[in-house]
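For the sequence shown, our numbering begins at 608 and goes up steadily by one. Accompanying notes for the structure given below.
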Amino acid sequence: MGPFDPPSLATQFLASPLLFILRPVYGILSSVRPDPYTRSPSQQPVRVVCISDTHTLQLSSVPDGDLLIHSGDLTNAGSLDEIQKAVDWLRTLPHTHKVVIAGNHDSWFDPDARSLVPPCPVREAVDWGDIHYLENTSVVLSFGSRTLKVHGVPQIPQLDPAVPSVHAFQYSPWSRSDPWPSPIPLDTDILISHSPPRHHGDVFPHSVGCRFLLEAAWRVRPALYVFGHAHAGRRVERVYYDDSQRALEAMAERRCESGLLWDRGFRSCVWWFFHGGLWRDMVSVFWAWKDALVVLWSAGRSILWTRIWEGWMVNAACMDGRGSGLLTGPATVIDL
Numbered sequence: 608m609g610p611f612d613p614p615s616l617a618t619q620f621l622a623s624p625l626l627f628i629l630r631p632v633y634g635i636l637s638s639v640r641p642d643p644y645t646r647s648p649s650q651q652p653v654r655v656v657c658i659s660d661t662h663t664l665q666l667s668s669v670p671d672g673d674l675l676i677h678s679g680d681l682t683n684a685g686s687l688d689e690i691q692k693a694v695d696w697l698r699t700l701p702h703t704h705k706v707v708i709a710g711n712h713d714s715w716f717d718p719d720a721r722s723l724v725p726p727c728p729v730r731e732a733v734d735w736g737d738i739h740y741l742e743n744t745s746v747v748l749s750f751g752s753r754t755l756k757v758h759g760v761p762q763i764p765q766l767d768p769a770v771p772s773v774h775a776f777q778y779s780p781w782s783r784s785d786p787w788p789s790p791i792p793l794d795t796d797i798l799i800s801h802s803p804p805r806h807h808g809d810v811f812p813h814s815v816g817c818r819f820l821l822e823a824a825w826r827v828r829p830a831l832y833v834f835g836h837a838h839a840g841r842r843v844e845r846v847y848y849d850d851s852q853r854a855l856e857a858m859a860e861r862r863c864e865s866g867l868l869w870d871r872g873f874r875s876c877v878w879w880f881f882h883g884g885l886w887r888d889m890v891s892v893f894w895a896w897k898d899a900l901v902v903l904w905s906a907g908r909s910i911l912w913t914r915i916w917e918g919w920m921v922n923a924a925c926m927d928g929r930g931s932g933l934l935t936g937p938a939t940v941i942d943l
């Protein structure tokens, strides 16, 4: 087991019995709330097709749409040759607009990791064609009368202690400020990152997501947030940026595994029994039970009354989270 492997049901329960029960209940309450309000009734929907973590492989079927997003890890070794082959496949797809960011396996894009990947004797740069590559940058795309601003962020929490590392765009676990060079624009409609934001599709209780991306999501509140990286965390979430979501995230933060990322995921159920949240959930009336009541009350109330800030979070990882090396997840389609 490692930090990116799917934890057993026993591990999830021992980490926090309250969250083990509360998360499915919260999912049910969210499913009966209205879909996130991302456009006015007079606007035509934009069909967004989301994929990630294809690792040199090609999906046998990709739904058509207005916008194709690949949120990183096109390759395994990260060489320019592998990247170009993946890009050539994406260029054959019929979508009106295509946007790609790099993942940690796409090492050639990061100058700090580029020297560790095999050189390409036939080319010196990627031929993107009609694809928009974003690296801490934005692009404004037109869809008829609508425009959407898309911003891409490749940075991830550091995966291993080796320096330099073949993994691209890592930031130190001791970082105290945003690891990207400039703020994510507040008018971003679609945010793309390779790492999940913390506590969303990031394999609880290992919780490999980025706390800075979670803070950015709350600041920006994009209509759509697409990511990958944690294969076992593949999912689609409705997000409402309200008290229930904040309380659920706070509960997960108090019960998730701590320590350096590369040390997580190796603890046994016995360890979780004595050191996890089983006993603390029973006696933590002030924190755990109070937040659980906030989650239920706020989510239930919002079935009838919906807030302004709403959107979707999509972990679009296509690679099997159990290590088979196969693409088991299809593309995710969101009408925005």
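Yeah, the Cβ is synthetic: ideal placement off N, Cα and C, and Gly gets one too.
Query: Within the chosen definition, does the stretch 919-938 reach the stretch 833-851 through at least 3 CB pairs nearer than 8 Å?; Result: yes
Query: From which residue to which residue does the alpha helix (DSSP H) around G634 run?; Result: P624 to S638
Query: Helix, strand or coil, according to DSSP, for L687 in the structure here?; Result: helix
Query: Quick one: what does DSSP say W700 is sitting in, helix, strand or coil?; Result: Inspection of the sequence shows that residue 700 is occupied by Leu rather than by Trp. Three-state DSSP puts L700 in coil, outside helix and strand.
Query: Taking 8 Å as the cut-off, does the stretch 759-766 touch the stretch 739-751 (at least 3 CB pairs, one atom from each stretch)?; Result: yes
Query: For the candidate residues D794, T618, S814 and L755, whose alpha-carbon lies nearest to that of H838?; Result: S814
Query: Can you find the residues in the same chain that come closer than 7 Å, C-beta to C-beta, to I928, ignoring five residues on each side of it along the sequence?; Result: Residue identity check: residue 928 is Gly in the sequence provided, not Ile. Taken in chain order, the residues that qualify are P613, H838, A839 and R841.
Query: Have a look at I941 and H702 and give me their C-alpha separation to the nearest angstrom.; Result: 14 Å
Query: Contact check, L831 vs V706 under 8 Å by CB: the rounded distance?; Result: Wrong, their Cβ atoms sit about 11 Å apart, outside the cutoff.
Query: Can you tell me the Cβ-Cβ gap for S678 and I708, rounded? I've got them flagged as a contact below 8 Å.; Result: 6 Å
Query: For a test of the three-state rule: what should DSSP assign to R845, helix, strand or coil?; Result: strand
Query: By alpha-carbon positions, which one of P829, Q852, L766 and P788 ends up nearest to V632?; Result: Q852
Query: Does the stretch 665-672 come close enough to the stretch 817-832 that 3 or more CB-CB pairs lie under 8 Å?; Result: no
Query: Would you grab the beta carbon distance between P812 and R753 for me? Rounded to a whole angstrom, and I think it's under 8 Å.; Result: That pair is no contact at about 40 Å.
Query: Look at the alpha carbon of R630 and the alpha carbon of Q665, and state the distance between them as a whole number of angstroms.; Result: 33 Å
Query: Which complete alpha helix (DSSP H) runs does the stretch 787-831 hold, if anything under 4 residues is left out?; Result: 818-827
Query: Assuming T548 and D713 are in contact, meaning their beta carbons sit under 8 Å apart, how far apart are those beta carbons, in whole angstroms?; Result: Residue 548 is absent from the model: the chain starts at 608 and stops at 943.
Query: Could you tell me which residues DSSP pairs with T645 in its beta bridges?; Result: Answer by DSSP bridge pairing: none, since T645 is not bridged.
Query: Rounded C-beta distance between D564 and F776? I'm assuming under 8 Å.; Result: No information on residue 564 is available, as it lies outside the stretch 608 to 943 that the chain covers here.
Query: State the start and end residues of the unbroken beta strand (DSSP E) segment that holds D749.; Result: Before going on, a small fix: residue 749 reads as Ser here, not Asp. Note, S749: beta strand (DSSP E), T744 to F750.
Query: With respect to the alpha helix (DSSP H) encompassing D942, which residues constitute its N-terminal and C-terminal limits?; Result: First-last for D942: T939 to D942, but that is the beta strand (DSSP E), not the alpha helix (DSSP H).
Query: If you draw a straight line from the C-alpha of F834 to the C-alpha of A823, how long is it?; Result: 14 Å
Query: Use the C-beta contact count for T661: other C-beta atoms within 10 angstroms, 16 or more gives buried, fewer gives exposed.; Result: buried
Query: D734 and G710 look like a contact to me (Cβ under 8 Å); what is the Cβ gap, rounded to whole Å?; Result: Wrong, their Cβ atoms sit about 19 Å apart, outside the cutoff.
Query: Going by CA-CA distance only, name the one from L687, L793 and S615 that's closest to W715.; Result: L687
Query: Would you list the one or two residues that DSSP bridges to P764?; Result: Y778
Query: Start and end of the beta strand (DSSP E) containing M926?; Result: Segment: none, M926 is in no beta strand (DSSP E) and carries neither H nor E.
Query: Which residue from A693, I658, D796 and P771 puts its Cα closest to that of G936?; Result: I658
Query: For L793 and D737, I'd like the C-alpha separation in whole angstroms.; Result: 26 Å
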